[in-house]
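So that you can map any letter, position 19 of the sequence shown is 1388 in my numbering, and since no number is skipped, the others follow by simple counting. For glycine and all other residues, C-beta sits at the position ideal for the given N, C-alpha and C. Quick caveat: nothing in here was measured; it's all calculated off a predicted structure. Step one of this worksheet: look at the structure below.
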Amino acid sequence: MSGPMSDVDPIPVFSFPTSWSHGRGLAGRAGTVLGELGCRDPLVLTDGLLLSLGVVEPVLDSLRAAGIDYTICDAVNYEPTVDLFDSIIDRLDLKKFDAVVAVGGGSVLDVAKGLAVIGSFGGHIRDYAGFDKVPGVPPIKVVTVPTTSGTGSEISDGVVLIDEARKTKFLVISKKICPTVALTDPLMTVSMPPRVTAFSGTDALVHATESYISKGAGPATELFALRAIELLCRNIRAACDNGGDLDVRERMQIGATMAMSAGMNSKLGLCHAMAMPLCALYHMPHGQAVGMALPVVLAYNAPAVGAKMEAVFQAMGFADDGFARLEALLKEIGVLARLGDMGFQESHMPTIVNETMNSAQRPTNPRDPTPEDIAAIVRRML
Ligand SMILES: [Fe+2]
């Protein structure tokens, strides 16, 4: 997330406006949920691959069973740009929908939240960029059925779009855009390939870890974050190795949603502050950027977090030799790489340092970094 934020100590908050249900086969309740919300004209938003693989079928079946006519849009086929978002709006008459049912990964879920804003309040998505620019809770409801476990977009307060014209990412952040209902169903995540499982699961693990030690942490976010660290770190290897194991998928999914419920309230830290420039410069997935930063940033933060450091490693299952075992895990699942092998050049350093210092996730990092500290962290990642 970008944009300056004040350095005053944040007040711990835990508000979680989305109604979250979890269970195997729960995607098949989408029709009933829409009925309970009083919605009759939903848009089903997904991507072409999921639709062709039949992953969306349980949701569509449930809508048909509830006697609900729906429109499908399967155009969210890559990380969404502002142009893609605009093109989806151009081909739909958003006014006729009273709900968006989003079935997919973080990109699909983010676009759904953005469509609900534009369909409800008009204008262009850029009008709502930044923090708290959305005038109210959109009357168009959003029901999320995630098919990955990681971004937490199924309950989160953010929309991320790529602004190609300005060569940056583009964020809309507001608790008002948190989805109305999230239905997490591990059966919907078994099609996720190992690489996506590794990157999205790592993203969730970093949400949980950064949230737990954040300056904005409070009693409820700490509870959710610590449990999420346990669920994610102890299951991510198995989820990558054997994606068909429903028990493992289930723990990853619960962990990912819990991690975001903590993270969006406490705010995060330097891993997420650094991810934005690293992804833009080296074209790596967000989950890889935050994962590559995690061991180095944790080591930097350790002097400022006291006993919390030990609690993090205990939850991870790495009571002894925590740093080495965390690095080994990230390497084993294909997340850890050297920045030096990814095209790092010394001339990039000022951009990385400046963007990290200006990130909205930086002020809640447990230790206040100087620009020199950030440069030193980057050098340890080379
Ligand atoms: Fe993240």
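With distances taken from CA atoms, which of the options is nearest residue i?
i                  : options                               : result
glycine 1613       : Ser1560, Ala1628 and Ala1573          : Ser1560
phenylalanine 1500 : Ala1729, Ala1744 and Pro1735          : Ala1729
isoleucine 1524    : Ala1693, Phe1385, Leu1592 and Asp1689 : Phe1385
glycine 1404       : Thr1415, Asp1438, Phe1539 and Phe1593 : Asp1438
leucine 1478       : Tyr1497, Cys1442, Asp1689 and Ala1607 : Cys1442
phenylalanine 1682 : Ile1494, Ala1597, Lys1536 and Ile1487 : Ala1597
arginine 1707      : Gly1686, Arg1694, Pro1507 and Ala1662 : Ala1662
valine 1529        : Ile1546, Leu1595 and Glu1679          : Ile1546
glycine 1423       : Thr1558, Gly1712 and Phe1568          : Thr1558
threonine 1450     : Asp1459, Gly1394, Asp1462 and Ile1531 : Ile1531
aspartate 1742     : Asp1689, Val1425 and Asn1670          : Asn1670
lysine 1538        : Val1506, Ser1630, Ala1471 and Pro1646 : Pro1646
proline 1672       : Arg1603, Arg1618 and Pro1738          : Pro1738
glycine 1474       : Val1704, Gly1519 and Met1629          : Gly1519
leucine 1698       : Leu1453, Arg1603 and Val1674          : Arg1603
threonine 1516     : Ala1498, Ala1471 and Gly1488          : Ala1471
valine 1506        : Pro1381, Val1486, Ala1498 and His1493 : Val1486
valine 1659        : Thr1725, Ala1607 and Ile1458          : Thr1725
Leaving out five residues on either side along the sequence, give the residues of the same chain with a beta carbon under 7 angstroms from the beta carbon of residue i.
i                  : result
proline 1504       : Phe1490
proline 1373       : Note on proline 1373: pLDDT 39, under 50, position unreliable in the model; the coordinate value appears next. Same-chain partners within the cutoff: Asn1727.
alanine 1744       : Met1718 and Val1722
histidine 1655     : Asp1572, Ala1644 and Cys1648
glycine 1397       : Pro1427, Asp1430 and Ser1431
alanine 1668       : Phe1692
proline 1563       : Cys1609 and Gly1612
glutamate 1591     : Tyr1581
proline 1379       : Lys1584, Gly1585, Lys1636 and Thr1733
glutamate 1448     : Ser1476 and Ile1531
lysine 1544        : Ser1384, Pro1386 and Asp1526
glutamate 1696     : Pro1664 and Leu1705
phenylalanine 1454 : Val1480, Gly1483, Ile1494 and Leu1530
alanine 1688       : Phe1682
lysine 1677        : Tyr1581 and Ile1582
Go to residue i, then tell me how far its alpha helix (DSSP H) extends in each direction, as first and last residue.
i              : result
serine 1580    : 1563-1582
lysine 1544    : Segment: none, lysine 1544 is in no alpha helix (DSSP H) and carries neither H nor E.
threonine 1725 : 1718-1727
glycine 1632   : 1615-1635
lysine 1700    : 1691-1701
glycine 1475   : 1475-1490
leucine 1751   : No alpha helix (DSSP H) contains leucine 1751, which DSSP labels as neither H nor E.
Starting from residue i, trace the beta strand (DSSP E) both ways and give me its first and last residue.
i               : result
histidine 1655  : Histidine 1655 -> not in any beta strand (DSSP E); alpha helix (DSSP H) instead, spanning 1655-1674.
aspartate 1532  : 1527-1532
histidine 1391  : 1388-1391
isoleucine 1441 : 1440-1442
threonine 1513  : 1510-1515
valine 1550     : 1550-1553
valine 1704     : Premise fails: valine 1704 is in no beta strand (DSSP E) and is neither H nor E.
Once the 5 residues before and after residue i are set aside, which same chain residues still bring their CB inside 8 angstroms of it?
i             : result
leucine 1406  : Ala1468, Lys1510, Val1512, Thr1549 and Val1550
leucine 1600  : Arg1620, Met1621, Ile1623, Gly1624 and Met1627
arginine 1748 : none
leucine 1418  : Asn1446
How close, in whole Å, do the beta carbons of residue i and residue j come, if the pair is a contact with beta carbons under 8 angstroms?
i            : j               : result
serine 1476  : valine 1445     : 5 angstroms
leucine 1552 : valine 1480     : With 8 angstroms as the limit, leucine 1552 and valine 1480 do not qualify as a contact, their Cβ atoms being about 18 angstroms apart.
glycine 1400 : alanine 1434    : 6 angstroms
glycine 1521 : methionine 1629 : 2 angstroms
leucine 1606 : isoleucine 1457 : Leucine is not the amino acid found at residue 1606; the sequence shown has arginine there. Not really, about 37 angstroms apart at Cβ, beyond 8 angstroms.
alanine 1631 : alanine 1577    : 6 angstroms
For ligand 2, is there a heavy atom less than 7 angstroms away from the beta-carbon of residue i?
i            : result
proline 1672 : Ligands present in the displayed structure are limited to ligand 1, and ligand 2 is not among them.
Once the 5 residues before and after residue i are set aside, which same chain residues still bring their CB inside 6 angstroms of it?
i               : result
alanine 1684    : Leu1595, Ile1598 and Glu1599
arginine 1495   : none
leucine 1639    : Val1666 and Asn1734
methionine 1633 : Ser1525 and Asp1526
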